[in-house]
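*Asks:*
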Ligand SMILES: [Fe+2]
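In mature numbering (1 follows the signal peptide of the UniProt record, and there is no 0), the protein residues as written are -20 to -1, 1 to 204.
(1) Hey, how far is the Cα of residue 190 from the Cα of residue 63?
(2) Go through its chain and collect everything with a Cβ distance to residue 202's Cβ below 6 Å, but skip five positions before and after it.
(3) Suppose you measure from the CA of residue 94 to the CA of residue 31; what does that come to, to the nearest Å?
(4) Since I believe residue 72 is in contact with residue 165 (beta carbons under 8 Å), could you give me their beta-carbon distance rounded to a whole number of angstroms?
(5) Checking the sheet assignment: what are the DSSP bridge partners for residue 142?
(6) Going straight from the alpha carbon of residue 116 to that of residue 163, what length do you get?
(7) Straight-line CA distance for residue 185 to residue 176?
(8) Who pairs with residue 55 in a beta bridge, going by DSSP?
(9) Less than 7 Å separating the beta-carbons of residue 188 and residue 23?
(10) Give me the DSSP bridge partner(s) of residue 165.
(11) Using the C-alpha atoms, what's the distance from residue 124 back to residue 170?
(12) Have a look at the DSSP bridge pairing and note the partners of residue 124.
(13) Quick check on residue 64: does DSSP put it in helix, strand or coil?
(14) Could you give the C-beta distance for residue 46 and residue 9, rounded to a whole number, given that I count them as a contact under 8 Å?
(15) Here's the rule: buried if 16 or more other CB atoms are within 10 angstroms of the residue's CB, otherwise exposed. What is residue 67?
(16) Which residues bound the alpha helix (DSSP H) around residue 98?
(17) With distances taken Cα to Cα, identify the nearest neighbour of residue 151 among 128, 139, 102 and 143.
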């Protein structure tokens, strides 16, 4: 059986290559949108988009960088207690950055309608019809208790599409293993200024701006 000192030495030896990676990495940055803040109106207002992207997402990015800096220090010191205590901040802010980076690309002023090609066929195979998938994802998303996300994801082991919901900013792949294809943010910051407490109306409207080309590209990449 290993004593505590042995475990610490083993951990330090195991972590040292990763430490080099952490030290050399770039800071995370807020991704630009490929459309204007007002481009998704009337479905999502310019005011919501501006706050959501430039304030909320930016805060996740900033706090992720802070948490990673602290984690880097903890690694350098071999301070496992500090490393463990930083996990919630990494999960929350890392998840927030991952989720919103996907979300912006899942939306388009030219979106809506239905997917075509292999994604359309997979949706029909796994849910019966596009309408059935849409109904199931809308219901799962509206039913999120408190803040969270509804997701369409790919289960790589079976090749099946799955619908699920995650609480808070839990990232889909990191917490369920599903590869994210389409996410719907149902934190109140995503809709309250326009839809007030009527989350179902926001979820119904967002289908008009889903960028199915982006979702299809994610599906093709996820299958590889
Ligand atoms: Fe959000």
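Cβ atoms here follow ideal geometry from the backbone N, Cα and C, with glycine treated the same way.
*Replies:* So, from the data block:
(1) If I take the Cα positions, the gap works out to 38 Å.
(2) Once the five neighbours on either side are set aside, the close Cβ partners of residue 202 are 134 and 159.
(3) For residue 94 and residue 31, the gap between their C-alpha atoms comes out near 29 Å.
(4) For residue 165 against residue 72, the beta-carbon gap comes to about 14 Å, at or over 8 Å, which does not count as contact.
(5) In the DSSP output, where bridge partners are listed per residue, residue 142 has 133.
(6) Cα to Cα, the separation comes out at about 13 Å.
(7) Going from the Cα of residue 185 to the Cα of residue 176 covers about 14 Å.
(8) According to DSSP, residue 55 bridges with nothing at all.
(9) Residue 23 sits close to residue 188, with the two beta carbons spaced by under 7 Å.
(10) Answer by DSSP bridge pairing, in chain order: 129.
(11) It is roughly 14 Å from the alpha-carbon of residue 170 to the alpha-carbon of residue 124.
(12) Residue 124 pairs with nothing; no bridge assigned.
(13) In the structure shown, residue 64 sits in a helix (DSSP, three-state: H, G or I).
(14) A Cβ-Cβ distance of about 14 Å is found for the pair residue 46 and residue 9, leaving them out of contact under the 8 Å criterion.
(15) Looking at its Cβ environment, which holds fewer than 16 other Cβ atoms inside 10 Å, residue 67 is exposed.
(16) Bounds of the alpha helix (DSSP H) holding residue 98 are 97 to 107.
(17) Selected option, being the one with the closest Cα: 128.
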